[in-house]
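This report refers to the structure that appears directly beneath it.
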Amino acid sequence: GDSKLITFNIRTFFGQYMQTIDYYKQKGFFIRTQDITLPIDDLKTLKIGGSSSYIFNPDFSFRAIGFQNEWQKQSVGSFIPSITYYYTKFKLEDSLIENQLEKSFKMAIGPGYYYNWIFDENYLLSAGATGGLGFNYSSTDGENSFNGLAQLVFRMTGGYNSESFFGGVNINTQLLSHTSDENFILDDSISFLEFYVGFRFDAPKKWIAKADEISRKFGIE
15 GDSKLITFNI
25 RTFFGQYMQT
35 IDYYKQKGFF
45 IRTQDITLPI
55 DDLKTLKIGG
65 SSSYIFNPDF
75 SFRAIGFQNE
85 WQKQSVGSFI
95 PSITYYYTKF
105 KLEDSLIENQ
115 LEKSFKMAIG
125 PGYYYNWIFD
135 ENYLLSAGAT
145 GGLGFNYSST
155 DGENSFNGLA
165 QLVFRMTGGY
175 NSESFFGGVN
185 INTQLLSHTS
195 DENFILDDSI
205 SFLEFYVGFR
215 FDAPKKWIAK
225 ADEISRKFGI
235 E
C-alpha cells in the first residue's frame, strides 16, 4: 500500500505560558488482523490543533526537555494545566464504494504535573503526565454527534548536558478517547520517539545583543 505522513510542530513560550501547534497530514492506512494486513490507500486525514498551557513554577524549564536550548541544573517540578484542541478531517475516495467525509472537533482541559530530576548537574531525567476531560463533536454525511472525551498525555525524557554538548531521548504519547453513538470506543493516539544530539557554540556578541533587544521588545523571556 501507499502511505505518506507529513507532520509539523511549533512550541513557543510567552513568559510562563506555553503554546503548542500541531499539523498532521496522512494518506493511506493499514488495517491489521491476526491473518491479514489490508491497505486502504484512498483514506486521507488532516489534523490541526495544539494546546495552551501555563507553567506555575518559573524555575521549571520545559525548554530543557522540549527544546534542549536551556540547561536545568537543579531538580524541580511544576503544576502545568492545559487545554487541548484538535480539528480532524477524514476523507475516503474510492471508485468501488460511496465517498465518505467526516469532520470532528475535540477539546479537553485538565491538570498536569512534570518533574525534572538532575543528577551530578549534567544528567537529566524528566517525567510527567496530563489528564483531561472534554468533548468530541463530529459530522458525517450530514449526521452530527456529540460525545464526552477523556485525554491522557505522558512524556519522559532522559538526557545529558554540558557547556559544549547535549544529547538524549524523548518519549511522548497522547491519547484522546471517546464513545461513539453506536457505543464503540474510538481512540485517537499520537506517539513519537525522538533522539537528539547537538553541540553548543558561543554566538557573536552582536547577535546576542540583537536577540535580547527583540526579546525585550516583545516581552519574550
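Numbering (this note's numbering), first residue to last: 15 to 235. We treat Cβ as the ideally placed atom computed from N, Cα and C, and that holds for glycine.
What does the alpha-carbon distance come out to for the pair residue i and residue j?
i: F180; j: G212; result: 5 Å
i: S178; j: N71; result: 27 Å
i: L147; j: I97; result: 10 Å
i: G172; j: Y68; result: 23 Å
i: T26; j: S66; result: 10 Å
i: L115; j: F22; result: 23 Å
i: T144; j: Y38; result: 21 Å
i: K219; j: Y100; result: 41 Å
i: F206; j: T187; result: 7 Å
i: L106; j: P125; result: 36 Å
i: Q40; j: K61; result: 9 Å
i: T154; j: T102; result: 12 Å
Using a Cβ cut-off of 8 Å (strictly closer), state whether residue i contacts chain B.
i: R169; result: The structure shown has no chain B; it contains just one protein chain.
Can you tell me whether residue i is helix, strand or coil according to DSSP?
i: R214; result: coil
i: E227; result: helix
i: W221; result: helix
i: I79; result: helix
i: Q86; result: coil
i: I62; result: strand
i: Q30; result: coil
Where DSSP assigns a beta bridge to residue i, which residues make up the other side?
i: E157; result: T154
i: F206; result: N186
i: I20; result: K39
i: N175; result: F180
To the nearest whole angstrom, what separates the beta carbons of residue i and residue j, a pair I think is in contact under 8 Å?
i: S20; j: I35; result: One detail in the question is off: residue 20 reads as Ile in this sequence, not Ser. At roughly 14 Å, the Cβ-Cβ gap does not stay under 8 Å, so I20 and I35 are not in contact.
Inter-stretch contact at 8 Å, needing at least 3 Cβ pairs: the segment 130 to 148 / the segment 74 to 88:
yes
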